[in-house]
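**Student:** Numbering follows UniProt numbering, in which position 853 of the sequence shown is assigned residue number 853; successive positions increment by one, without gaps.
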Amino acid sequence: MKKLLGPNGRAKTQFSLRKIIIHLKDISAQIDVLGLEKGVEGKVSSLEGSTVTPSTPLVGETIVYSKDKEKEEIVEFLLSYQGSESKVDVISIVGMGGAGKTTLAQLVYNDKRVQEHFDLRVWVCVSDEFDVARITMSILYSVSWTNNDLQDFGQVQVKLRDALAGKKFLLVLDDVWNEEYSKWDILRSPFEAGAKGSKIIITTRSEAVAMIMGRTVHLFRLGVLSEDDCWSLFAKHAFKNRKMDQHPNLEVAKEIAYKCKGLPLAAKVLGQLLQSEPFDQWETVLNSEMWTLADDYILPHLRLTYSYLPFHLKRCFAYCALFPMDYEFEVNELVFLWMAEGLIQQPEGNRQMEDLGVDYFHELRSRSFFQQSSNESKFVMRDLICDLARASGGDMYCILEDGWNHHQVISEGTHHFSFACRVEVMLKQFETFKEVNFLRTFLAVLPTAAPEDDEAVCNSTTRELDKLLAKFKRLRILSLRGCQISELPHSIGNSMYLRYLNLSLTAIKGLPDSVGTLFHLQTLLLHGCKRLTELPRSIGNLTNLRHLDITDTDQLQKMPPQIGNLIDLRSLPKFIVSKDSSLRITALRNLSQLRGKLSILGLHYAGHIWPSCDAILRDTEGLEELLMEWVSDFSDSRNERDEVHVLDLLEPHTNLKKLMVSFYGGSKFPSWIGSSSFSNMVDLNLNHCKNCTSLSSLGRLSSLKSLCIAGMGGLKRVGAEFYGEISPSVRPFSSLETLIFEDMPEWKNWSFPYMVEEVGAFPCLRQLTLINCPKLIKLPCHPPSLVELAVCECAELAIPLRRLASVDKLSLTGCCRAHLSTRDGVDLSSLINTFNIQEIPSLTCREDMKQFLEILQHLEIYDCACLEKLPDELQRLVSLTDMRIEQCPKLVSLPGIFPPELRSLSINCCESLKWLPDGILTYGNSSNSCLLEHLEIRNCPSLACFPTGDVRNSLQQLEIEHCVNLESLAKGMMRDASINPSNTCRLQVLKLYRCSSLRSFPAGKLPSTLKRLEIWDCTQLDGISEKMLQNNTSLECLDFWNYPNLKTLPRCLTPYLKNLHIGNCVNFEFQSHLMQSLSSIQSLCIRRCPGLKSFQEGDLSPSLTSLQIEDCQNLKSPLSEWNLHRLTSLTGLRIAKIHRVP
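#1: How is the beta strand (DSSP E) around C316 delimited, first residue to last?
#2: What's the call for K1027, buried or exposed, on a 16-neighbour Cβ count within 10 Å?
#3: Taking all protein chains shown into account, do 16 or more other C-beta atoms lie within 10 angstroms of the C-beta of H1073, making it buried, or fewer, making it exposed?
#4: How many angstroms separate the CA atom of Q767 from the CA atom of L704?
#5: Please classify S671: is it buried, with 16 or more other beta-carbons within 10 angstroms of its beta-carbon, or exposed?
#6: If G724 and G674 are in contact, beta carbons under 8 Å, what's the gap, nearest whole angstrom?
#7: Can you tell me which of the three DSSP states R161 falls into?
#8: For L1100, which residues of its own chain have a beta-carbon under 8 Å away from its beta-carbon, when the five flanking residues on both sides are left out?
#9: Tell me which residue opens and which closes the beta strand (DSSP E) that K467 is part of.
#10: When the distance is taken between beta carbons, is L916 closer than 8 Å to L894?
#11: Looking at the strands, I want to know which residues DSSP matches up with F438.
#12: Verify whether the separation of the beta carbon atoms of L322 and L443 is less than 8 Å.
#13: Please classify F1068: does DSSP put it in a helix, a strand, or coil?
#14: Take S92 as the anchor and find which of I740, H218 and C781 has the nearest alpha-carbon.
#15: Excluding the five sequence neighbours on either side, which residues of its own chain have a C-beta within less than 6 Å of the C-beta of F722, listed in chain order?
#16: Taking M681 as the reference, give the member of V577, I1109, F733 and D174 with the closest Cα.
#17: For L1021 and W123, what's the separation of their Cα atoms in angstroms?
#18: On a Cα-Cα basis, can you pick out the residue from P1055, I1024 and A456 that is closest to N1045?
#19: L650 and L617 look like a contact to me (Cβ under 8 Å); what is the Cβ gap, rounded to whole Å?
#20: Would K378 and L222 qualify as a contact pair, given that the criterion is a beta-carbon distance under 8 Å?
#21: Taking only three categories from DSSP, how would you classify A1136?
#22: Tell me the residue span of the alpha helix (DSSP H) that contains V661.
#23: Skipping 5 residues on each side, what residues in its chain have a beta carbon closer than 7 Å to that of F336?
#24: Excluding sequence positions up to five away, which residues of its chain have a Cβ less than 8 Å from the Cβ of T693?
#25: In angstroms with no decimal places, state the Cα-to-Cα distance between A165 and R315.
#26: What's the gap between the Cα of I1135 and the Cα of Q1113?
#27: Would you mind working out which of H415, R531, R382 and E363 sits nearest A99, comparing C-alpha positions?
#28: Between the alpha carbons of W338 and S479, how many angstroms are there, rounded?
#29: Do you know how far the Cα of E76 is from the Cα of N110?
#30: Starting from E363, trace the alpha helix (DSSP H) in both directions and tell me its first and last residue.
#31: Please confirm if the segment 556-571 is in contact with the segment 523-539, defined as three or more CB-CB distances below 8 Å between the two stretches.
#32: From the DSSP secondary-structure annotation, give me the bridge partner or partners of Q371.
#33: Between L446 and A420, which are expected to be in contact by the criterion C-beta below 8 Å, what is the C-beta distance as a whole number of angstroms?
#34: Taking the alpha-carbon positions, what's the L58 to V108 distance?
#35: What does DSSP give as the partner residues of C866 in its beta bridges?
#36: Going straight from the alpha carbon of T948 to that of E192, what length do you get?
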């Protein structure tokens, strides 16, 4: 007692009491946040019977309300060329939070037309910190898929410029807040290397941001939903499969939808909340005071949704306050953090904490707290949800992001801390933590890994981390993911409460032995530690360790023998057998709790194992994917007998779904591969097992959907053994959908036994691929459901098309002697939909091409070096709608008669093509009923002219690019009453690019249906006369670049124009009467035009929404005379490189 009351005892007691008081204050502060109520007895929310929403596509809504018009308008802009010196144009989507900006961008990004139009597509979440280096690195990683450890930002930009060079790209910058033009100017410099037609989409809440982005060619203001659409979206989620008219409180539901104020996020979130609530709760929600709470950041509908969460989900969601806006995370990453913080308890029965955590995640996701990111395996919290999480977490949670104040002190009540800034800078400001005593979480949430590690910085980080660990000894979570650190201090062993340690993407080479004293550690993450060479022997002491991630650690060549002690491990991505280690593969027997994916590497070092050993992996019930790999060197040092025995002992549990065996040296496979007991196997890959001379009975795998057999140099035949036991009730390969044979140099014969033909094998096979099987002569009977057949480098193979009754797509590549067999008098006229021919240099026009298929809809011919002409039999393809011909340098002519249903024809890089037949565009041949709508001809330097005659009224779009010897266009596309008053050409789009020999348009008028005219780099072409566009009221867009003979525009045209882009037109005269006649203009872009000298009053129409004036050196009138204040509709403005007059 004296000791207790003495000076030292009293001090210790006061300190303990102070800690308790602080802790109680924290709990008190969380009462409202966690939804606790006075006098309410504890109630545990059960997950039993709850419905977990399954994974959804990138766009959350199957039906997206009121977005079709905006989507189609944006897609149209993306697919069209815009006159821009920089080749890259910006489209801005502006709207308030929750209005659906990101959803609209996702709809556009995932549109099939957009995917096919661009060579590269990149999605970057920007958020409030416009970090130029991070964004640039993210784009570079997306386009190159490599880790670029470059410290110099200039090198990163050069690499990005090289990666984009000559490619047409689409970049989406989601959630942009930056208003500093200088940052945008730095970011965009590599983009100029992209191809013409590249585009950038930004989403933002601020129109000021949209204008800062510079070359904005169009701004989309995204409004809220109409009342009807908002009600439809709300009802879709609230009533699910129930009938609305039977709802007892339908009017209450409509009032709630009305309070959503047209915000899609509000309607969706509240609808999902109420679908599981009893009807009497709906009125409670309607009358909640949260609708009237004033808060600039948290929308009432989000507060309502949070307030209805059960207690355990409120705690889990509040922990997400540590994530920055738009931070991408995986499900397991979040679940492991929840586990370490004690937010998930071990459930009863056989279920694991991880399973319960995934259920929690899906419950929160079903309420729209999480959204799938552009990376399909990751998720994000949008800005409004992130604000809600931070409000929910209160002072217990603190996050420091870039731009933080170095003098900022973290509050005393902070228990959980995360940072998105450089750790070495933050730790040097250790005063930041002087008020904090009970930190439990220290979490790095950096968007990307640190640049090339600096040794001095790494050493400094280690020293400062040592101080941090000395102060905070009750840490449960420590993450330095992506930080500059190469060594973990020995003092880490004093953090006895640590449950989660993440050192991924760092430069560490090893771990100190003191790690072995972290007895409570559950998760150790070392993903992407490129310099990691070994794990400490003491790791065997971590008996509570559940997850050890060592993926992407290429220098890690061995594992400690004590790894077998970790009997509680749930995830271990790879197990390495090394030459100089005492670790044996039998240690895997102790790791029976492993789940998910396991790779066993270095099996050639496994050596001899006693024959009496039982199967090592048979009890590993949770294992779903297994890779077993030997060395690729098949030298004499390999022991075939040992390898056969090792593979036999590695028989897994029958729950296995995917199996890959690589570089196995045995001459045959053990009986378990192909055993019918593996009824869950869906994917099997046998890779470069060169010594194998026969295949197992794989046909018995009843659930197998994908089978790949590659690199079996010893295999000569595939016969009865491949299919297994056959009976009338058992069909071999009953579920197989994809079958691939690759690199089989000696394979000659593939046969079906009689019984197999009787019962029918491969009933579900849709895709068959044969690559580099040079000796294979023929195929066996073909499955009834085969849709796609791809044959590559199979020189001797005969393809019996009479058996391909269901094939929709046939692709031949590099099959120089391949021939299409049609014996028994069977016509090819009723089979293939898409025919793709590539790299067949000996393909000629006579016997190879006469056999075509009447239901063929798509024909693609690529890289056929000897093809000189297409046969007249092409007209037999009565169903053909699309044809593409590329890289056929000897193709001279096309047939005179084309298929009657042909709608789209694209010809590219056919250097010898000299003329087009009369029937392709015109009525020159009365027997040709082709209804071509879209004709595209590019890079055909020998083409000199178009056919004569009236252009068909079906043609809507004509694009001609880089045909340098083209001297004239089709006369029939012009209307001339003196020649042919009955001409009915209905052309809507005409695009002419880089046709340097083209001198004039034919006589007459362009069709009155023409909506868009684009002329680029046609330096000899005469200007546009008044007569050519007389009475044309349809024309909306003119786009001219480097068109020196253009001097003015017809007066009859200008009142109807909406988009006028003129660049590098040195002789164009901008007269005041011309400018003032542009009464409907919305987008005006003028670049490098010396004829623009001034803007007088009334020259710029108030209808303008976008104005860009650049590099017009003779424009000398001051801005004050432009009367920009009259442009009340203007949303995009760029003025650059002009003579400034004070």
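Cβ coordinates follow ideal geometry from the N, Cα and C atoms, glycine included.
The model shown is predicted, which means the values in this text are computed figures rather than measured ones.
**Tutor:** The answer reads as follows:
#1: No beta strand (DSSP E) holds C316; the alpha helix (DSSP H) holding it covers F311 to Y319.
#2: exposed
#3: exposed
#4: The alpha-carbon atoms of Q767 and L704 are separated by roughly 14 Å.
#5: exposed
#6: 7 Å
#7: helix
#8: M1075, L1084, L1107, W1122, N1123, L1124, R1126 and L1127
#9: From DSSP, K467 is part of no beta strand (DSSP E) but of the alpha helix (DSSP H) over E455 to K471.
#10: Cβ atoms of L894 and L916: closer than 8 Å.
#11: Bridge partners of F438: none, in fact.
#12: yes
#13: coil
#14: H218
#15: L695
#16: F733
#17: So the two alpha carbons sit approximately 40 Å from each other.
#18: I1024
#19: 6 Å
#20: no
#21: strand
#22: Element bounds for V661: not the alpha helix (DSSP H) but the beta strand (DSSP E), K658 to S662.
#23: Y500, T523 and H547
#24: S667, K668, G714, L715 and K716
#25: When rounded, the separation of the alpha-carbon atoms in A165 and R315 is 49 Å.
#26: 12 Å
#27: R382
#28: 14 Å
#29: 14 Å
#30: Element bounds for E363: M353 to S366.
#31: yes
#32: V380
#33: 6 Å
#34: Because L58 sits at a pLDDT of 47, beneath the cut-off of 50, its placement in the model cannot be relied upon, and the following sentence gives the value as read from the coordinates. Near 12 Å, if we compare the C-alpha coordinates of V108 and L58.
#35: Per DSSP, none; premise fails for C866.
#36: 40 Å
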